[in-house]
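A quick write-up on the structure given underneath.
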Amino acid sequence: MTNPILKSGDKLVLASHNKGKLAEFSSLLADFGITVLSAGDLDLPEPDETETTFAGNAALKAVAASKATGLPALADDSGLCVSALGGAPGIYSARWAGPDKDFPAAMARIHEGIGEDERDAWFICVLCLAFPDGTTRSFEGRINGQITWPPRGDKGHGYDPIFTPEGETRTFAEMADAEKNAISHRARAFKSFRESCLD
């Protein structure tokens with residue numbers, strides 16, 4: 004790329020208070036010489052996710068963080084979509100787990116809402132890069148798979164124990180982090196972001 008949008012030495016705000024995400028993105032961006040600061044470390048408020056799409060919510064978070072800091076900001080919005088539930092929980096994936104992040108209950112709700120033969124599901128991740136002037140670039144990643152019941156595995160987070168990606172016999176929660184991160188929806192979105200924005 005002749006003119007990368009982000010260059011070695013740049014600072015980038017990750018519009019998230021999630022320490023796991025900060026570690027993941029810091030590691031992904033370290034090779035490019037980019038310093039990642041988190042919204043949590045900068046005491047930025049978490050904006051209400053009021054949009055109706057992954058792209059809308061990612062943009063809302065990235066734009067808010069960029070305007071507050073005067074730095075480029077990267078946000079992601081992701082979730083599990085289940086065909087038999089009309090794409091739910093989708094953008095409400097975290098909210099289905101409630102304020103106490105009760106993912107076992109959220110996974111049971113999915114299982115109870117679908118039939119034995121209605122297993123198609125997919126994870127979506129949209130990354131949005133925003134600049135202080137309000138311009139944004141978005142990148143989407145998707146991985147198809149099946150809902151598995153009962154839940155299996157103790158790695159990963161969220162809905163990983165009930166999602167088996169296409170071509171696999173293991174759930175995300177049965178894979179080592181490096182294996183999951185090589186094929187996940189977030190990895191696919193990051194690949195598009197990297198090819199478009201990094202040197």
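Going by the numbering used here, the first residue of the sequence shown is number 4, and it counts up by one from there.
Backbone N, C-alpha and C fix where the C-beta goes; we use that ideal spot for every residue, glycine too.
Element boundaries [beta strand (DSSP E), containing residue i]
| i | result |
| --- | --- |
| Thr138 | Segment: none, Thr138 is in no beta strand (DSSP E) and carries neither H nor E. |
| Thr167 | 166 to 168 |
Same chain only: Cβ atoms within 6 angstroms of residue i, ignoring 5 sequence neighbours per side
| i | result |
| --- | --- |
| Thr72 | Val16 |
| Pro122 | According to the sequence as given, residue 122 is Arg; it is not Pro. The answer, listed in chain order, is Gln149, Ile150. |
| Arg191 | Gly144 |
| Ala18 | Ala42, Lys64, Ala65, Ala68, Ala76, Ala78 |
| Leu74 | Lys14, Val16 |
| Leu88 | Gly116 |
| Pro38 | In the sequence as displayed, the identity of residue 38 is Thr instead of Pro. Result list for Thr38: Lys14, in chain order. |
| Phe126 | Leu83, Ile146, His188 |
| Phe28 | Leu17, Val39 |
| Ala133 | Ala65, Val66, Ser69, Ala76, Thr139 |
| Glu169 | Asn147, Gly148 |
| Glu52 | Asn60 |
| Leu45 | none |
Beta-carbon proximity list for residue i, same chain, < 8 angstroms, skipping 5 on both sides
| i | result |
| --- | --- |
| Ala58 | Asp80, Val129, Cys131, Ser141, Glu143 |
| Ala108 | Ala100, Gly101 |
| Ala179 | Lys158 |
| Asp1 | An answer regarding residue 1 cannot be provided, because it is not within the stretch 4 to 202 covered by the chain. |
| Gly23 | His160 |
Run of the alpha helix (DSSP H) containing residue i, from where it starts to where it stops
| i | result |
| --- | --- |
| Gly82 | Here Gly82 belongs to no alpha helix (DSSP H); instead the beta strand (DSSP E) covers 76 to 85. |
| Phe175 | Here Phe175 belongs to no alpha helix (DSSP H), and DSSP marks it neither H nor E. |
| His188 | 188 to 200 |
| Lys24 | 22 to 33 |
| Leu63 | 57 to 72 |
Which residues DSSP lists as bridging residue i, in chain order
| i | result |
| --- | --- |
| Ser41 | Leu17 |
| Asn147 | Trp125 |
| Leu9 | Leu201 |
| Ala133 | Ala76, Thr139 |
Same chain, Cβ closer than 7 angstroms to residue i, neighbours up to 5 away in sequence not counted
| i | result |
| --- | --- |
| Ala91 | Val85 |
| Ala124 | Leu83, Cys84, Val85, Ser86, Gly148, Gln149, Ile150, Phe166 |
Below-8 angstroms beta-carbon distance, residue i vs any chain D residue
| i | result |
| --- | --- |
| Gly161 | Considering every chain present, this structure includes no chain D. It has just one protein chain. |
Next on the checklist: Please give me, in chain order, every unbroken run of the alpha helix (DSSP H) with length at least 4 that falls completely inside the stretch 82 to 125.
Outcome noted: Every alpha helix (DSSP H) of 4 residues or more that sits fully in the stretch 82 to 125 is shown, in chain order, as 96 to 99, 106 to 116.
Item to check | Stretch-stretch touch, CB-based, cutoff 8 angstroms, three pairs: the stretch 76 to 91 with the stretch 45 to 63 | outcome: Flag = yes, the stretch 76 to 91 and the stretch 45 to 63 touch.
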